[in-house]
Amino acid sequence: MARAVAGRQWGSNRTSAAVSRYSAGMTSVGTNVARKDGMDRATGAAKYADDLRFPGMLVGRTVRSTIARGRVTGVTLDFDPAGFTVVDHRDIPGENTIALIEKDQPCLVNGVVRHAAEPILLLAHESRDALIGANVRIDYEREEPLFDPERSEQVFKHILIENGSLDRGFARAEVVVEGTYTTGAQEHVYIETNGVIAVPERGGMALYGSLQCPYYVLKALKALLGAAVKDIRVVQTETGGGFGGKEEYPSVIAAHACLLALKSGRPVKILYDRGEDMVATTKRHPSIVRHKTGLTRDGKLTAMQVDVLMDGGAYCTLSPVVLSRGVIHAAGPYRCANTRIEGRVVMTNTPPNGAFRGFGAPQTQFAMEVHMDRISETLGIDPVTLRLRNALKPGDTTATGQKLGPDTSAVEVLKEAVRRTSFKRKRAKLAGSGRGIGLALFYHGAGFTGSGEVMLGSRAGLETTPNGVRILVANTEIGQGTRTMLSQIVADVMGVAYENVDIAQADTSVVPDSGPTVASRTCMVVGGLLERCAKQMREQLKGVSPAEHHARHGRLHVETQYEAPPGREWNDKTYRGDAYATYAWGCDVAELAVDPVTHEVSVAKFTAVQEFGRPIHPAMAQGQIEGGSGQGIGWALLEHVVMRDGAMANAQLTNYVIPTTLDTPPMDVVMLENHFPGGPFGAKGVGELPIDGPAPAVVNALRHAGLDVRAIPATPEALAAAPRLAPSRSGDAA
Amino acid sequence: MKFTLNGAPRELDAHPLKRLLDVLREDCGLTGTKEGCGEGECGACTVLVDGEPVVSCLMPCAQAEGCDVITIEGLAGNHPLQRAMMREVGAQCGICTPGVILAARGLVEAARRPTLERVREALAGNLCRCTGYEAIHRAVLSAHAELHGPSAKSAAPVPAEEAGA
Amino acid sequence: MRTATAPFTLRRARTLDAALKILHEEPGTVPLAGCTDVYVALEFGGTPGSRYLDLTRLSALKRITTSGEKLVIGALATYTELQKSRFVRARLPMLVEAARLVGGVQIQNMGTVGGNLANGSPAGDTLPVFAVADADVVLAGPDGERRVPFNAFYTGYRKSVRRPDELIVAVEVPPVIGKQWFRKVGTRAAQAISKVVFAGVRGLETRLALGSVAPTVVRLPNTEMVLNGGGSIDEALRALADEIQPIDDLRSTAAYRRGVAANLVRQFWSATA
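Same order as they appear, the protein sequences are chains A, B and C. Under my numbering, think of the first position of the first sequence as 67, with each following residue one higher. Under my numbering, think of the first position of the second sequence as 33, with each following residue one higher. Under my numbering, think of the first position of the third sequence as 1195, with each following residue one higher.
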């Protein structure tokens, strides 16, 4: 059962026991301690990639394909080569690949071009101006590119999830509702673009950069550089936003910088300008999702058939995992005995798509939630009642056969959102007024899917210092508060002050591989690892403070490795079992008005009710919800990637617009608590949940306002052309 | 090129068309001012020139000749807005923060208590991708209250003045 | 930045005469004021020129004054200064609105009226205002000053009658009789380029102008004629359809612009009734 943070409770004995188990010894967790890095940010002292300089540093530039598909037939260097380092695929000592899930993506083009902006040649020089002036001509033999994912026959991954029997389910259905829903690509627009510096050092190489996952980069560099470079270390610099856009992509820019540094023997910085970053780096996978749903006349789901198609771009990158999360969440937080979800992610000749906060779940839950409102319109059952009738409860089984426990709050978040926004009253009052109110109910699995965490085998460490204790993990601060949050957990478990805990910079030569900073896992999984680590260290300290122990005995170091909690099973081939350790739950409500003159949408108010176990740092958690909601609203209404000839044509911030202060609504955030025993102090993950709800909540509000919208971005141009919904369909029967 | 930088006189040899942003970061070694887009859209490069926020990525350094330029380093870390940004967690990744602080400084220092709408307008030229702006607005209003007291008079319309006679 | 500016030159003029001399003797020199357009072009690899002339020292051009009945706006007046000027606020509130919406505060502090005119984008936010105000553009050149009616200033997409050795020094606005109305439809609520931008004056004589629906800002003489002749708004909108040629571009579509332009005229008509 869930209870609200600000003192309102409705709890079971189970929850009370969980609370009291944690509350003893909690001095930092659950409070808004000062961020470890707050002052550096407020004073401009924080050093991001472009703020660093190394002696003898060169600047790098990437020469990219201007065609979407074909072969390179000639490369002509039309400049004075003095002072230039030039690298092509022949300079790669190891494998010409960006090692990730597959090894299909070359580091540099070797003949074959599969997408516009594919990197062909690298240049470095002391002078940025000389680089700009260097004329390179590439000759191509063009081939016909494929841009339409529906026509693609190259499937990176296919997944089928089946539960019960569709035939039986449709046979029982009294009503069948079908629909197709599409979402567009989304560009991350981290305010700091991608940038790295490769620095040769003592027979090895150091790579400093703006990145989320130093060990991903390390793995890629090892494959690329092979025996040519003995020691490689990857160091994360202060990172100005990631959102998934710096999960796997940095391996590419790091590879390029290292090749130039290897050949020139000098440090090389590559920093993308905004235009290059937008054109060449990953985006959110566009999706087309088809639903066919059977229900009884009183709104109970009997059959759900979902078909998911995602556009992966030219290479595999992380598409299989994006699809995986997408299909697992595709049936929404609902109970249905007969479900069939089939997903494909396919190749097109466009720059590869990749990780973006939510990672497939925003796409499929957009479809599910808009489809639910269309069902609501068709059946004449209001959207709240329809959802209450089908929402997952403790004891229910998901489409993959996972039995849910008390850490399930779909009903609670829905009821609280409805109550708080006076949803039913406004739904009736606003009908037909050009204004609308809409909601979305959603969930998000925390941590890696199924056996993912076991495969990662994350390790986390602690060491004593003269000041107290230092955290050693590869998880990165990218704004979400990693440094602070992990320090709070360790401080309380060790019984030391928050001020006596610090955290090492994420340098692979110093910290163990605690896994990537993705999948809403940093708090639950890595925080959980550190909790165990801290308990072990505390035992070894035998009542002496870590600082004192350090003074007497020198450095004490403890490391722990991830162990799967017992009793959880997942089958990667049949896609059955416990997909995630736990889920976070959310219900968002958007209230908006559509201007009849310009078709512009102004969101008057946005309410987010979210349950993610409990916040470790309430203000930072609220910041995740507010920020993720802002990004979701931008994706729904403003952010339109315009592709021409297979490349982003509107690659400047003037033309790809994200919300400003005046585009962002006031937000009302409610954080419900439902402590999860598998997470530190009961915490789950909150990084991605918030971005799953806003787009369908906004579109459902647009539907309420009378516009038949099934695709995003719902730009004013799209709304001007959107079919109108007759008032009796957009208003709800009782 | 001679100008005043964070209260101290500076003299530099820089190409007159070099962006003020690059002069500050490279010639002056002050990396607190950031480049986010190079097209004046994101506001991360905001500095104060003669007290007014400008985007330094669109300003040739020659135009700063004789001017009073303030960067984030000029606030020396103890401005109420900096403390409020920390208190309210108005900075997540922090890359937009220097620009936001300088763009909001005038509003915070003026006696009249700004409305939330006025705060939004003052910061409409500063993009943030992390926070959804809510915590930034809270920080600005909190800083104003700290500096002037919570009961400072609400903002009235700005009186008209004749320009540049 | 994708343009190497090191090979370029920048001159700075202290007087208008000095500026004009440079423009005359060094053809191809690009005048610079707020740089909010020129530096964006340089950022994306454009090279408007290799010789530049900084005008920001010409303080006389910043003045906003009156001369008899006319409002005289110096070419170097910034958008912030327009909003603060008691003359502009009193006589040309539609210009105050345009200046407020042109972009964020930083852009408002830097960008100038002269720059908006010289850049000549059909999306320029002040342009419909000057078009309906029947303003005059004051040009200074080697042979002295001349005035060009604003509505004769542009000859094509980003082309005007300004000779390369002339500078825009001011815009003179006669009294505007009637209700002024302005609306900009941008790509978002703030810091946005116009997708459609409209200014209208309703008085004994109604005047209408639109930006972003043709290669230049346009007055709508036929639409005005219908309304001034007592015609209905529906008849006027039929005339409007033939006076604009909106296009599809990266920001919007012809269909949207067409529809919204008509809606804006209709909204103006009922709001000023």
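Ideal Cβ placement from N, Cα and C applies to all residues, glycine included. Since this is a predicted model, take the numbers as computed values, not measurements.
* Which runs of the alpha helix (DSSP H) fall wholly inside the segment 111-177 of chain B and span at least 4 residues, in chain order? -> Taking only runs of at least 4 residues, the alpha helix (DSSP H) segments lying wholly in the segment 111-177 of chain B are 112-119, 129-141, 148-154.
* Cβ pair count under 8 Å reaching 3, the segment 327-345 of chain A against the segment 609-617 of chain A -> Touching, no.
* Decide if A/GLY500 is buried, meaning its Cβ has at least 16 other Cβ atoms within 10 Å, or exposed. => Exposed.
* Nearest-angstrom Cα distance between C/ALA1325 and B/PRO48? -> Spanning the two alpha carbons is a distance of roughly 36 Å.
* Excluding the five sequence neighbours on either side, which residues of its own chain have a C-beta within less than 6 Å of the C-beta of B/MET91, listed in chain order? -> Leaving aside the five residues that flank B/MET91 on each side, the residues in its chain whose CB is nearer than 6 Å to its CB run, in chain order, LEU52.
* Output yes if chain C places a C-beta closer than 8 Å to the C-beta of A/THR664; else output no. => Interface residue, yes.
* Under 8 Å by beta carbon: chain A residues contacting C/LEU1321 -> Going along chain A, no residue has its Cβ under 8 Å from C/LEU1321, so there is no contact; the nearest lies around 18 Å.
* Would the beta-carbon of A/ARG391 fall within 8 Å of that of A/GLU228? -> No; because the gap between Cβ atoms is not below 8 Å, this pair is not in contact.
* **Short-range partners of chain C found in the segment 188-202 of chain A, where Cβ spacing is below 7 Å** => From the segment 188-202 of chain A, only ASP195, ILE198, GLY199 have a Cβ closer than 7 Å to chain C.
* To do: Mind reading off the beta-carbon distance from A/LEU738 to A/VAL675? Whole number of angstroms is fine, and I expect it under 8 Å.
  => A Cβ-Cβ distance of about 7 Å is found for the pair A/LEU738 and A/VAL675, placing them in contact under the 8 Å criterion.
* Where B/ILE102 and A/GLU677 are concerned, what is the direct C-alpha to C-alpha distance, given to the nearest angstrom? -> Looking at the two C-alpha atoms, the distance is approximately 43 Å.
* Figure out for me which residue from A/VAL412, A/THR368, A/MET560, A/VAL372 has the closest Cα to the Cα of A/GLY378. => Nearest Cα to A/GLY378 within the set A/VAL412, A/THR368, A/MET560, A/VAL372: A/VAL412.
* Within 8 Å (strictly less), CB to CB, does B/LEU90 reach chain A? -> It does not: the Cβ of B/LEU90 has no partner Cβ on chain A nearer than 8 Å.
* Thinking C-alpha only, which one of A/GLY745, A/ALA134, A/MET434, A/ALA190 is nearest A/VAL372? -> The residue with the shortest Cα to Cα distance from A/VAL372 is A/MET434.
* Buried versus exposed call for B/MET118 [16 or more other C-beta atoms within 10 Å across all chains shown] -> B/MET118 should be labelled buried.
* Sorted by chain position, which residues of the same chain lie with C-beta nearer than 7 Å to A/ASP103's C-beta, five sequence neighbours on each side aside? -> Cβ within range, chain order: ALA112, GLU543, ARG549.
* **A/ALA289 and A/GLY160 closer than 8 Å at C-beta** => A contact, by the Cβ cut-off of 8 Å.
* Other residues of its chain near A/PRO782: CB distance less than 7 Å, five sequence neighbours each side excluded -> These residues qualify, in order along the chain: THR664, HIS665, GLU666.
* Complete runs of the beta strand (DSSP E) confined to the segment 1311-1335 of chain C [at least 3 residues] -> Restricted to the segment 1311-1335 of chain C, the beta strand (DSSP E) segments that are unbroken, complete and at least 3 residues in length are 1330-1335, listed in chain order.
* So, does the CB of B/ALA195 fall closer than 8 Å to a CB anywhere in chain C? -> Model confidence at B/ALA195 stands at a pLDDT of 34, short of 50, so the residue's coordinates are unreliable; what they give is reported in the following sentence. Yes, contact with chain C.
* For A/TYR628, which of helix, strand or coil comes out of DSSP? -> If DSSP states are grouped into helix, strand and coil, A/TYR628 belongs with coil.
* Asked: Considering only C-alpha positions, which residue in the set A/THR249, A/GLU258, A/LYS671, A/ILE298 is nearest to A/ALA264?
  -> Of the candidates A/THR249, A/GLU258, A/LYS671, A/ILE298, the one whose C-alpha sits nearest the C-alpha of A/ALA264 is A/ILE298.
* **Member of A/GLN606, A/GLU625, A/CYS589, A/ARG194 whose CA lies at the smallest distance from the CA of A/HIS619** => It is A/GLN606.
* To do: Could you name the residues of the segment 1382-1393 of chain C whose beta carbon sits closer than 9 Å to any beta carbon of chain B, in the order they occur along the chain?
  => Of all residues in the segment 1382-1393 of chain C, ALA1383, ALA1384, GLN1385 have a Cβ within less than 9 Å of some Cβ in chain B.
* Run through DSSP, which three-state label would A/VAL255 get? -> Note: A/VAL255 maps to coil in three-state DSSP.
* Short Cβ contact (8 Å threshold) for A/SER131 with A/ALA200 -> With contacts defined as CB atoms closer than 8 Å, A/SER131 and A/ALA200 fail to qualify as a contacting pair.
* When you compare each of B/CYS93, B/THR65, B/LEU159, B/ALA167 to B/LEU113 by their alpha carbons, which one comes out closest? -> For B/LEU113, the nearest C-alpha among the options comes from B/ALA167.
* According to the Cβ coordinates, are A/GLY426 and A/MET590 closer than 8 Å? -> Not closer than 8 Å, so no.
* Rounded to the nearest angstrom, how far is the Cβ of A/HIS437 from that of A/TYR649, given a contact under 8 Å? -> In fact, because the Cβ distance is near 20 Å, the residues do not count as touching under 8 Å.
* Report the rounded CA-to-CA distance for A/LEU622 versus A/GLY527, giving the unit in angstroms. => The alpha-carbon atoms of A/LEU622 and A/GLY527 are separated by roughly 11 Å.
* **Distance between A/VAL584 and A/PRO731 (C-alpha atoms, nearest Å)** => C-alpha separation (whole angstroms): 27 Å.
* May I have the straight-line CA-CA distance separating A/LYS296 from A/ALA320, to the nearest angstrom? => About 17 Å.
* Asked: Looking at A/GLY235 and A/GLY360, is the spacing between their C-beta atoms short of 8 Å?
  -> Taking 8 Å as the Cβ cut-off, A/GLY360 and A/GLY235 qualify as a contacting pair.
* Would C/SER1464 be called buried (16 or more neighbouring beta carbons within 10 Å of its own) or exposed? -> It is exposed - the Cβ of C/SER1464 has fewer than 16 other Cβ atoms within 10 Å.
* Length of the line joining the Cα atoms of A/TYR628 and A/MET521 -> If I take the Cα positions, the gap works out to 10 Å.
* To do: Identify the contact partners of B/PRO112 in chain A, using a Cβ-Cβ distance below 7 Å as the criterion.
  => Neighbours of B/PRO112 on chain A: none; closest Cβ ~11 Å, over 7 Å.
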